[in-house]
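Written out below as structure tokens is the structure these notes cover.
Residue numbers (this note's numbering): 395 to 696.
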């Protein structure tokens, strides 16, 4: 089995399945690391060998979530070897082989923190970018890939063409996000470029801003305000605010593009004002009843 030939074919296989260039590069990097480490022919690797690889990654102080991702990618590669390259093997990465990972609750910004953040964002482009994350729940990749044709200002909606996993969805534009987007589009030049958000300074001025470029902007504002804020935390904030405004969980799931409603339900455990209101209302009734005199006499014998 010529490894170079196999890797080239595997890369083509991933591209045919519409994996992004970033994902393809990441997959190939993981496979390269594994191939260099393993000291037997790939088809001879056993589950015990995979356990040894896990121990090796743990010694490198890799976190469990990253190791689980490595295992998923290696399993995909072995499935490719078996079913596409017709290599006689048994996949050594068992389907349920994964490390236990803690699941921290998603954290959102408080209203005063949102106000503080946008109080320091002066550029119309940056205000529009981060308003779309806060109000529409867009991921940073979705903002970077957004095109002019995806936006329907008249109907107040955005068609997310390439969401996570290549899945599209429709999101809606709030009044403040609409105003921010219109304000930016009025000053935006380079009309021939389809991507909405462009680099404003330097060598790449006029070119589409990258994911990393957007992340650097939020890091700048985080440092300036002293807030623990990221692009994804703005998305978390939108979900929490909708939940507290008593939007249905299924609605939030559709807007965020979650595959599983259990992912969306995690927000219910971190900040649900309806639960809070119901608790205190019920507790007031409990306390009120406990302070009322009993209807039974001390002389009642039953």
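We put the CB at the ideal spot given by N, CA and C, even for glycine.
Residue 441 in three-state terms, based on DSSP:
Correct three-state label for residue 441: helix.
Take the Cβ of residue 486 as the centre, count every other Cβ of all protein chains shown within 10 Å, and call the residue buried at 16 or more, exposed below.
buried
The alpha helix (DSSP H) enclosing residue 519, as first and last residue numbers
518 to 530
State the Cα-Cα distance for the pair residue 692 and residue 677, rounded to the nearest angstrom.
A caution first: residue 692 carries a pLDDT of 48, below 50, which makes its placement in the model unreliable, though a value can still be read off. Rounded to the nearest whole angstrom, the C-alpha separation of residue 692 and residue 677 is 27 Å.
If we call anything under 9 Å between Cβ atoms a contact, is residue 459 one with residue 400?
no
Continuous alpha helix (DSSP H) assignments of at least 4 residues falling wholly in the stretch 583 to 665
Look at the stretch 583 to 665 and you find these whole runs of alpha helix (DSSP H), each 4 residues long or longer: 605 to 619, 625 to 638, 643 to 650 and 655 to 664.
Nearest to residue 445 (by Cα), restricted to the options 524, 429 and 465:
The residue with the shortest Cα to Cα distance from residue 445 is 465.
For the putative contact between residue 475 and residue 436, defined by C-beta atoms under 8 Å, what is the C-beta separation to the nearest angstrom?
Indeed, because the Cβ distance is near 7 Å, the residues count as touching under 8 Å.
Within 8 Å: the Cβ of residue 520 and any heavy atom of the ligand SAH?
The ligand SAH is not part of this structure, which contains no ligands at all.
Under 9 Å between C-beta atoms of residue 541 and residue 589
yes
In the stretch 454 to 500, which residue ranges form an unbroken alpha helix (DSSP H) of at least 4 residues, counting only runs that do not cross its ends?
458 to 477
Euclidean distance between Cα positions of residue 696 and residue 682:
Residue placement at residue 696 cannot be trusted, given a pLDDT of 48 that sits under 50; the coordinates are not used to answer.
With a Cβ-Cβ cutoff of 9 Å, do residue 421 and residue 471 count as a contact?
yes
8 Å contact criterion, which residue 561 and residue 533 should meet: CB distance rounded
About 12 Å; that fails the 8 Å criterion.
Just to confirm my understanding: we take residue 685, look at its own chain, exclude 5 residues before and 5 after, and list those with CB closer than 6 Å. What are they?
None.
Using alpha carbons as the reference points, say which of 513, 517 and 404 lies closest to residue 425.
404
Just confirm the distance between the C-beta atoms of residue 574 and residue 530, as a whole number of angstroms; I'd bet it's less than 8 Å.
That belief does not hold up - the Cβ atoms of residue 574 and residue 530 are roughly 11 Å apart, past 8 Å.
Alpha-carbon to alpha-carbon, residue 550 and residue 637
21 Å
Reduced DSSP secondary structure (H/G/I, E/B, other) of residue 421:
helix
Residue 679 classed as buried or exposed, judged by whether at least 16 other C-beta atoms fall within 10 angstroms
exposed
So is residue 452 buried or exposed if we call it buried at 16+ other beta carbons inside 10 Å?
exposed
Excluding five sequence neighbours on each side, which residues of the same chain lie with their C-beta closer than 6 Å to the C-beta of residue 674?
none
What is the DSSP secondary structure of residue 432, reduced to helix, strand or coil?
Three-state DSSP puts residue 432 in coil, outside helix and strand.
Identity of the residues DSSP links to residue 546 by a beta bridge:
551
Are the stretch 508 to 516 and the stretch 576 to 585 touching, with three or more C-beta to C-beta distances below 8 Å?
no
When burial is assigned at 16 or more other CB atoms within 10 Å of the CB, is residue 652 buried or exposed?
buried
Going by the DSSP bridge assignment, what does residue 541 pair with across the sheet?
589
Work out the CA separation of residue 632 and residue 641 for me, nearest whole Å.
Whole-angstrom Cα-Cα distance: 11 Å.
Among 554, 643, 523 and 672, which one has its Cα closest to the Cα of residue 624?
523
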